[in-house]
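Position in the sequence shown (first residue = 1) + 44 = my numbering.
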Amino acid sequence: MAEQPDVPRLDDAAVEPRLARLDAVLGQLEQTPGRTAELALEAVELLTAVYGEALARVTDLATDSPGARDRLTGDELLRHLLLLHRIHPDPVQARVTRAVDDLRPQVRAQGGEIALVGVEDGVARISLSATSCGASALRDLVREQVLTFAPELSAVDVVAPAPAPALIPVATLWRRPDAIPADRAAAGDGVPQAAGPLALGGPA
């Protein structure tokens with residue numbers, strides 16, 4: 045049996061401009077009137093559906109192998125296609141967590157902090173503290189990154205972190221509200237004195 049010729053491969057740097065060009069061409073087709081453009085778009089939709097099903101079957105086969113699944117979801121191009129076809133095996137919460145983790149070094153480099161508050165009803169809440177002049181751009185970046193990892197979300201709310209609770213001095217935890225200062229106690233000031241027949245030195 046004759047050997048199959050080597051098929052040229054594309055690295056991530058070569059894939060990115062091709063994806064951008066694909067988006068541009070499809071956008072032009074959608075704006076082009078006529079039956080030819082309609083047939084071209086239909087062909088793209090059919091190919092997308094078939095390739096999406098093929099990718100879904102590969103994902104199903106990888107489910108039984110954690111290592112294969114991690115490699116599948118860790119590849120940037122495959123992750124893009126899995127999200128495009130809405131067949132990414134990881135739950136939304138896990139993908140948003142990964143997006144936040146990937147952003148954390150960049151946020152900290154600008155003197156900020158980022159954390160996932162939660163995901164509920166299709167909305168992700170992200171806590172972001174940013175003091176630099178580029179805080180607005182940083183919030184936009186957070187929204188874009190989270191939606192890239194979880195496009196099915198309806199919104200991404202970037203909120204300020206909750207204020208830290210007020211600290212109570214430890215000494216006050218052990219002080220009785222009615223405690224009398226030592227100097228006043230030594231002088232007898234404020235110390236109740238016994239009265240009546242049971243008072244010391246009083247008549248029996």
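Note that beta-carbon positions come from the ideal geometry of N, C-alpha and C, so glycine has one too.
- For D55, there is no enclosing alpha helix (DSSP H), as DSSP gives it neither H nor E.
- The beta-bridge partner set that DSSP reports for L160 consists of I170.
- Relative to the Cα of L122, the nearest Cα in the group S109, L63 and V136 belongs to L63.
- Of Q154, G96 and Q150, the smallest CA-CA separation from I131 is found for G96.
- Collapsing the DSSP output to three states places D108 in coil.
- Cβ neighbours of V167 within its own chain (closer than 8 Å, five residues either side excluded): L197, S198, A199, V200 and D201.
- Judged by pairs of C-beta atoms under 8 Å, the segment 135–147 touches the segment 182–198, as three or more such pairs exist.
- Across the structure, E74 and L91 are spaced so that their CA atoms are roughly 17 Å apart.
- Between V161 and S171, the CB-CB gap stays under 8 Å.
- Ranked by how close their Cα comes to the Cα of A57, the residues D104, E120, V102 and V151 have E120 in first place.
- Of the residues D146, E164 and I158, the one whose Cα lies closest to the Cα of R183 is I158.
- The bridge partners DSSP lists for D201 are R169.
- Taken through DSSP and simplified to helix, strand or coil, D184 comes out as helix.
- For A143, the enclosing alpha helix (DSSP H) has its first and last residue at V136 to A153.
- Pairing H129 with L99 gives a Cβ-Cβ distance under 8 Å.
- Annotation: V151 to L126 spans about 27 Å, alpha carbon to alpha carbon.
- Membership of R123 in the alpha helix (DSSP H) is indicated by the continuous run E120 to L128.
- Exclusion of the five residues before and after R142 leaves F193 as the residues of its chain whose Cβ lies within less than 7 Å of its Cβ.
- The beta carbons of V140 and V190 sit closer together than 8 Å.
- The three-state secondary structure of E86, taken from DSSP, is helix.
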